[in-house]
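Chemist: First to last, the sequence lines map onto chains A and B.
For the first sequence, counting from 1, position 267 maps to 267 in UniProt numbering; every step adds exactly one.
For the second sequence, counting from 1, position 46 maps to 46 in UniProt numbering; every step adds exactly one.
Note that beta-carbon positions come from the ideal geometry of N, C-alpha and C, so glycine has one too.
Quick caveat: nothing in here was measured; it's all calculated off a predicted structure.
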Amino acid sequence: MPSYLDHNATTRVDPRVLEAMLPYLSGPYGNASSLHRYGRAARDAVEQARAQVARLINAQPGEILWTSGGTESNNLALKGSTDRAAPTRLLYGVTEHPAVMEAAESLKERGWQVEPVAVDAQGLVDWPAFERQLAAGPVRLVALMRANNETGVIQDVGRAAALVHAAGAWLHVDAVQAAGKIPVDFEVLQADLMSLSSHKIYGPKGIGALAVKSHVELTPLHHGGAQERGLRGGTENVASIVGFGVAAELALQELDERAARALELRRRLERGLSALPGIRIFGAGAERLPNTLQFALAGYDGEALLMQLDRKGFAVSSGSACASGLGEPSHVLIGMGLDRDTAKGAIRVSLGKDNTAAEVDQFLQALGSFAAP
Amino acid sequence: MIYLDHAATTPLDPAALQAMLPWLQGEVGNPASDHAWGHAARAAVERARGQVAALLGAQPEEIVWTSGATESNNLAIKGALEFRGLRGAHLVTARTEHKSVVDSVRQMESQGLRVSWLKPDAQGLIMVEQVLAALAPDTALVSLMWVNNETGTINPVEALAPRLRERGILFHVDAVQAAGKLPIDLSRAPIDLLSLSAHKLYGPQGIGALFVRKRPRARLSPQLHGGGHEQGMRSGTLPTHQIAGFGEACRVAGERLAEEGARLAALRDHLQQRLQQVLPGLHLNGHPQDRVPGILNLSFEGVEGESLRASLGDLAVSSGSACSSATREPSYVLRALGRDDELAGASLRFSLGRGTTAAEVDRAAARVIEAVGALRGIAGAGSAVPVTPPVNAHGYPAAVWAAFSHPVHAADLGEGAVAATAGSPAGALRLRLQAQLQGGRIVRAAFQAYGCPVTLAVGEWLAGWLEGRRPGELHLSAADLRTALEIGDDKAQCALLGEDAVLALERQMSLA
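(1) How many angstroms separate the CA atom of Gly80(A) from the CA atom of Pro87(A)?
(2) Tell me the DSSP secondary structure of Arg165(B) in three-state form.
(3) Give me, in chain order, the residues of the same chain whose beta-carbon lies closer than 6 Å to that of Pro397(B); leave out the 5 immediate sequence neighbours on both sides.
(4) Return the residues of the stretch 2-15 of chain A that lie within a Cβ-Cβ distance of less than 8 Å from chain B, sorted by chain order.
(5) Is the separation between the beta-carbon of Ile281(A) and that of Ala247(A) shorter than 8 Å?
(6) Quickly, what does DSSP pair Phe130(A) with across the bridge? List them, please.
(7) Going by DSSP, what residue range makes up the alpha helix (DSSP H) through Pro15(A)?
(8) Can you check which of these residues, Asn74(B), Ala249(B), Leu56(B), is closest to Ala15(B) by C-alpha distance?
(9) Could you say if the stretch 264-279 of chain B and the stretch 28-47 of chain B meet the contact criterion of at least three C-beta pairs nearer than 8 Å?
(10) Label Asp301(A) either buried or exposed according to how many other C-beta atoms from any shown protein chain fall within 10 Å of its C-beta, with 16 as the threshold for buried.
(11) Is the beta carbon of Leu238(B) sitting closer than 8 Å to the one on Trp23(B)?
(12) Taking Cβ positions only, does Asp192(A) come closer than 8 Å to chain B?
(13) Check whether the Cβ atoms of Ala318(A) and Ile347(A) sit closer than 8 Å, and answer yes or no.
(14) Just the C-alpha distance for Val142(A) and Leu81(B), rounded to the nearest angstrom, thanks.
(15) Kindly indicate which residue of Gly440(B), Gln448(B), Ser424(B) has the alpha-carbon position closest to the one of Gly414(B).
(16) Determine, using beta carbons only, whether Asp354(A) comes closer than 8 Å to chain B.
(17) Can you check whether the C-beta of Leu141(B) is within less than 8 Å of a C-beta belonging to chain A?
(18) Just how far apart, CA to CA, sit Arg55(A) and Gly226(B)?
(19) Contact check, Ser197(B) vs Gly68(B) under 8 Å by CB: the rounded distance?
(20) Taking the DSSP output, what are the residues bridged to Phe295(A)?
(21) Let me know the secondary structure DSSP gives Arg84(A) once reduced to three states.
(22) Who are Leu211(B)'s beta bridge partners in DSSP?
(23) If you reduce the DSSP assignment to three classes, tell me which class Trp112(A) lands in.
(24) Using C-beta distances below 7 Å, list every residue in its chain close to Ser67(A), excluding the 5 sequence neighbours before and after it, in chain order.
(25) Classify Ala501(B): buried if its beta carbon has 16 or more other beta carbons within 10 angstroms, exposed otherwise.
(26) With a cut-off of 8 Å, does the C-beta of His222(A) fall near any C-beta of chain B?
(27) Please decide whether Thr342(A) counts as near chain B, where near means a Cβ-Cβ distance under 8 Å.
(28) Relative to the alpha-carbon of Ser110(B), which residue among Ile57(A), Asp83(A), Gln122(A) has its alpha-carbon at the smallest distance?
(29) Between which two residues does the beta strand (DSSP E) holding Asn297(B) run?
(30) Got a sec? Which residues, its chain only, sit under 6 Å from His165(A) by beta carbon, not counting five neighbours each side?
(31) Which residues mark the beginning and the end of the beta strand (DSSP E) in which Val173(A) is found?
(32) Taking Cβ positions, are Ala417(B) and Ala435(B) nearer each other than 8 Å?
(33) Quick one: list the residues of chain B neighbouring Arg40(A), beta-carbon separation under 9 Å, in chain order.
(34) Check the Cβ-Cβ distances between Ala45(A) and every residue of chain B, and say whether any is below 8 Å.
(35) Which residue marks the beginning of the beta strand (DSSP E) containing Leu186(B), and which one marks its end?
(36) Using the DSSP secondary-structure output, state which residues sit across from residue 381(A) in a beta bridge.
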């Protein structure tokens, strides 16, 4: 029986989400910006979804902007909030998603001084170093993810927010992996900007959101049209927005249940793995997402293991789906101080709401057979 | 509902929906994942890439997925200029381009780009020689739409492309309204960059593409940075279901292009003839011949645009581009064609599509003829006819809607009555009140008006209010009117017009 254990890469669309989307895929709803009647019905649906997504992170509906996904949200956050400022410094965590890293690096061309924020061996911000960094000169924006996509390590972004604000800067939080897995509160975390993605929480691909506090001046990435208060042009993707809304609502309703189940399965996985020789779990000393486990087996080539697991029908990954096939070791693990060989051996298991204990046991069995000395 | 707004968005083709459903029902892979699930998703994405390329006569590897035409246009213009490091260079485009091109260019203009904004002729056409004459030694890019979204006018991009190629100037074409409607063959037309949108050709919303030529290679700086998807030109997880639907929609569009084009041209011509036979004072916006089959854009003399739209009930048409209708400004495209604000505002774009039938076109024509006749009557041209639109499709307050849709006091009382007119300085609003006096009382009142539905409702309400009152007792403020008709802040000027008209009438009666 094949097992999908790669939920941090993407998730199946929940049947309840699809059901909500279908009327907007097959019905005569029209362009949400058109003024005629069906356009108004579509607009109402878009606004309801905005409220649903806002509730997932305790934001105001007016703070939610639609995007085409997490990558656009992160690009809009970094480029959009720095565009009108005189270039100073921008800081981002070394374990950030490529969309944050690359967007940040692209700002160098515009005169920004872009610096990584170091993490310790567990993947947690090195706080004394971070404070020194903030004090070293003016900073406009700091980008830190709430939870890491590879290791699942949860960052104390609330603590970061206080320091960042005291330094007169804004905090962007990539919450793509955290939302729906652990409670995420835009207010409590004191973030100024926050990225979300639908397809990580059983919604459709191709839709995401950026939460923006009203004091943040944002320049659009996509110019044209008055959609999203002029901050994001383009005809609204109504069916996907509606699907994202329902996915967000379900994620909030079922958060505790999903988290508890995932944690139980992950512990089962950890118990099984601990029997294997040379096992190393990354970020084990830090608080992590309940569904995520990244490990390496000493002496085994991760890539070969992944291929064998794939042949047996187990979908897991080495790290970020985006970097698959590049053959490069995970920048996340390198950032945590691991050597290249260990990092290259990494395997990430990310559990989903429909995985079972039997699947975990079969995975362990398969891994055990490949990893037998 | 009669849906004649296919240039705004099209319903999803059933075959496209079928292509999408597997990826929404159980299939799970991320096309970038290196396992069986991911490979299956990748295969669907690549199949669709081939389908989109086939519609254009392009190679699959020349197709880059985007979130839609707005992103495609932004990526083409900003990406091309940024790659060349030519922010201060020169660009040629037209005033009639889509908002996403206009706004992208304006953004670059604010950073030092020099721009020639070409003005079209009265039919909306940009000429090849006109573009060539605008070129400068440092022109880096020409961006011109193949088909205009409001008028349907077809620009001669195929004739222009080789002329730009021989000069080494990059050519971007927004083909959103052309794809699936006109044959496109990029193996012959040396266009470098070409934007597409799925939901204008019966595919899903939220997905588009940019054609980026490989030979000679058009190079772009990415606008979305990240995992390096799409050959580094556009990062972000690919939405498999959207892409599969887009691909299938392109396949169907290619198959039906010739037959459907002929059918829509005949229906469109029938609609145009029917309206022109009955209604005087019509102006065609766009080129009479060089026009895509499904689009008809007309301006109606002597009616106000918002009232016209409100009178159409469940006939879904567009007044100008749907993207900008939230701003309620007269279409900049029609103004570029030389239309004044009034005629630009009083325009309707009918855009026919696959589901449109001859019976629907006839019903649409009848509805428009009735509405234009009624509004011209109320404005004082011809005899007043009640509007009675079938539904309050635009959400006017109930009191406004009741008065607007059943105007029993719209009339011209003739010489025997006292009359007074109030109007806005620009003539955008006009309200004429009339009162017949007998024994020191107003025994009959009537109104004539030109303006939005709220203006007409104010006229109707005031005429009813005047009857039975005595001159000298006409104390009514704009605030009273706003309360009575539930008029919001955005329409406060209509209530002020009402107050002015009552004051003017009182003055006339005291003189009489």
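Modeler: This is what the structure gives:
(1) 13 Å
(2) helix
(3) Glu486
(4) Pro2, Tyr4, Asp6, Ala9, Thr10, Thr11, Arg12, Val13, Pro15
(5) no
(6) Paired residue(s): none; Phe130(A) is not in a bridge.
(7) 15-26
(8) Ala249(B)
(9) no
(10) exposed
(11) no
(12) no
(13) The question names Ala, yet the displayed sequence has Ser at residue 318(A). In this structure, Ile347(A) lies closer than 8 Å to Ser318(A) by Cβ.
(14) 29 Å
(15) Gln448(B)
(16) no
(17) no
(18) 28 Å
(19) 5 Å
(20) Ile281(A), Ile347(A)
(21) coil
(22) First, the residue type needs correcting, since residue 211(B) is Phe and not Leu in the sequence shown. Paired residues: Ile63(B), Leu194(B).
(23) coil
(24) The question names Ser, but residue 67(A) is Thr in the sequence shown. Here the set comprises Ser73, Leu76, Gly208, Ala209, Leu210, Arg232.
(25) buried
(26) yes
(27) no
(28) Asp83(A)
(29) 295-300
(30) none
(31) 170-174
(32) yes
(33) Ala393, His394, Gly395
(34) no
(35) First-last for Leu186(B): undefined, no H or E at that position.
(36) The first residue shown for chain A is 1 and the last is 373, placing residue 381(A) beyond what the model contains.
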